[in-house]
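A short write-up of the structure that comes next.
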Amino acid sequence: MYSKTQKKIYDGWQKNVFSGVVYRFIDHEKRKTKVLGNAALVPQKEIMTQEHLFDVASLTKVVCTTTVVLRLLEEQVIQLDDPLQKYLPQFQDGRVTLRHLLTHTADITTWIKQRDQLTKEALKQAYLTVQAGDILGKKVKYTDSGMILLGFMLEEIFQENVTTIFKKEVLAPLNMTNSCFSPVQGNKNKVVPTERLSSGKVLKGQTHDPKARVLKEHAGNAGLFSTVEDLDRFVQVYLYQTSFLSEKTISELLYDQTPLKNGDRTLGWDLKDKNRVLFHTGYTGSFLAIDPLNKQAFIFLSNRVHPVDHRTAYVKYRDELVTCYLSEKNSYSML
1 MYSKTQKKIY DGWQKNVFSG VVYRFIDHEK RKTKVLGNAA LVPQKEIMTQ
51 EHLFDVASLT KVVCTTTVVL RLLEEQVIQL DDPLQKYLPQ FQDGRVTLRH
101 LLTHTADITT WIKQRDQLTK EALKQAYLTV QAGDILGKKV KYTDSGMILL
151 GFMLEEIFQE NVTTIFKKEV LAPLNMTNSC FSPVQGNKNK VVPTERLSSG
201 KVLKGQTHDP KARVLKEHAG NAGLFSTVED LDRFVQVYLY QTSFLSEKTI
251 SELLYDQTPL KNGDRTLGWD LKDKNRVLFH TGYTGSFLAI DPLNKQAFIF
301 LSNRVHPVDH RTAYVKYRDE LVTCYLSEKN SYSML
């Protein structure tokens, strides 16, 4: 199954683009799972297993934040083109809508002075004062800020912190029993470490994303730790008709939802392969590619930032890998 894509993954491992990976192809009821390399290199080597728990970084945006927002849209608790301010009155820019935030078209200022040194309360206040720029609604400009603000909105609606909301609204109903949030509690033996900081400390069980490290239980952009099995449970929502998300919601996701229909972005997700594939990455070396119509998916979990972050080389490799998969998937679908 997907021999060219598997060779590309093997080559990436051999060339030290990442030192370890767990990946799974899904095609209808078929599953192909493979594990390569090491979960950790420092302070000592640790062999990768299928049970390892990964910091999936920005996959938190689609697995958790987007999912809860989509369910609220279905229940008509919120409306897509309403201003965020309607549900989060503390937010100061009344021009910014939920659609802008979900499609990364809000043109929000992302720079916050001394961001990583702030308390979680101070950082939240700083985000509540960010302003949209001149290209509001006109162009996709990917940021973490939109999902962070949507997380604050969810806290206002549910009157709980977002990690509690995500556990109750996503992890529990989907039986994602191995997944959890930063900081990982208890036994960390099966947690894949990420980067070695300038202090010499290797992050393990604590989110790699500095904003989410500050915001802690209030971060809607990152912080989820998950396994290939649990992400498979999430993917099944999109591949098989379930009551968790309606067929109408999923079908509407396969259309460009940017205000001007010019961004190849839908609600929360990137769109690939002529809008047939929902796609999202995580900074730490993960991605999800889901084709709801053909019942196919690709879950990729690597430790590419461990112990050093070589982002430029990885992004080039990842884009080539995704292109290879999409090409092979389409030919596989026609067999």
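Using full-length UniProt numbering, read the sequence shown as starting at 1 and increasing by one per residue. Ideal Cβ placement from N, Cα and C applies to all residues, glycine included.
Reference residue i, options the options, closest by Cα
{"i": "K7", "options": "Y325, Y332, K190", "result": "Y325"}
{"i": "W13", "options": "V322, N330, Y317, K329", "result": "Y317"}
{"i": "T163", "options": "L101, T60, Q117, Q79", "result": "T60"}
{"i": "C180", "options": "V56, T323, N330", "result": "V56"}
{"i": "H218", "options": "T67, E51, E121, Q90", "result": "E121"}
{"i": "L73", "options": "K329, V277, F244", "result": "F244"}
{"i": "R304", "options": "G200, K216, K272, V192", "result": "V192"}
{"i": "residue 337", "options": "V322, V21, R71", "result": "Nothing about residue 337 can be reported from this structure: the residues present for the chain run from 1 to 335 only."}
{"i": "T281", "options": "I299, N275, D264, K295", "result": "I299"}
{"i": "D209", "options": "V62, T284, L154", "result": "T284"}
{"i": "F234", "options": "I290, V315, R311", "result": "I290"}
Residue i - partner residues in DSSP beta bridges
{"i": "G37", "result": "G20"}
{"i": "E121", "result": "Its beta-bridge partners do not exist; DSSP assigns none."}
{"i": "T97", "result": "P83"}
{"i": "D55", "result": "F225"}
{"i": "R115", "result": "According to DSSP, R115 bridges with nothing at all."}
{"i": "R196", "result": "V202"}
{"i": "I250", "result": "Paired residues: none, contrary to the question."}
{"i": "I47", "result": "N38"}
{"i": "F25", "result": "K32, F298"}
{"i": "I108", "result": "A132"}
Coil, strand or helix - residue i by DSSP
{"i": "H280", "result": "strand"}
{"i": "S226", "result": "strand"}
{"i": "K30", "result": "strand"}
{"i": "F234", "result": "helix"}
{"i": "V191", "result": "strand"}
{"i": "V62", "result": "helix"}
{"i": "V42", "result": "coil"}
{"i": "A132", "result": "strand"}
{"i": "I78", "result": "coil"}
{"i": "K216", "result": "helix"}
{"i": "Q257", "result": "coil"}
{"i": "D209", "result": "coil"}
{"i": "L245", "result": "coil"}
8 Å Cβ cutoff met for residue i and residue j
{"i": "residue 373", "j": "Y23", "result": "As displayed, the chain neither begins before 1 nor continues past 335, which places residue 373 out of reach and without an answer."}
{"i": "residue 367", "j": "T105", "result": "The structure shown does not extend to residue 367, since the chain is modelled only from 1 through 335, so no value can be given for it."}
{"i": "G146", "j": "L101", "result": "yes"}
{"i": "E195", "j": "L88", "result": "no"}
{"i": "G173", "j": "L239", "result": "Going by the sequence as given, residue 173 is Pro instead of Gly. Not closer than 8 Å, so no."}
{"i": "V202", "j": "P83", "result": "no"}
{"i": "Y255", "j": "Y2", "result": "no"}
{"i": "L36", "j": "H306", "result": "no"}
{"i": "F249", "j": "Q257", "result": "One detail in the question is off: residue 249 reads as Thr in this sequence, not Phe. Contact: no."}
{"i": "I165", "j": "F158", "result": "yes"}
{"i": "E51", "j": "K190", "result": "yes"}
{"i": "L288", "j": "L253", "result": "no"}
{"i": "A297", "j": "I9", "result": "no"}
{"i": "R95", "j": "D81", "result": "no"}
{"i": "V68", "j": "L171", "result": "no"}
{"i": "L128", "j": "Q90", "result": "yes"}
key: Entirely enclosed alpha helix (DSSP H) segments - the stretch 135 to 188, minimum 4 residues   = 145 to 158, 162 to 166
ask   = Can you list the alpha helix (DSSP H) stretches of 4 or more residues lying completely in the stretch 263 to 333, in chain order?
value = 311 to 333
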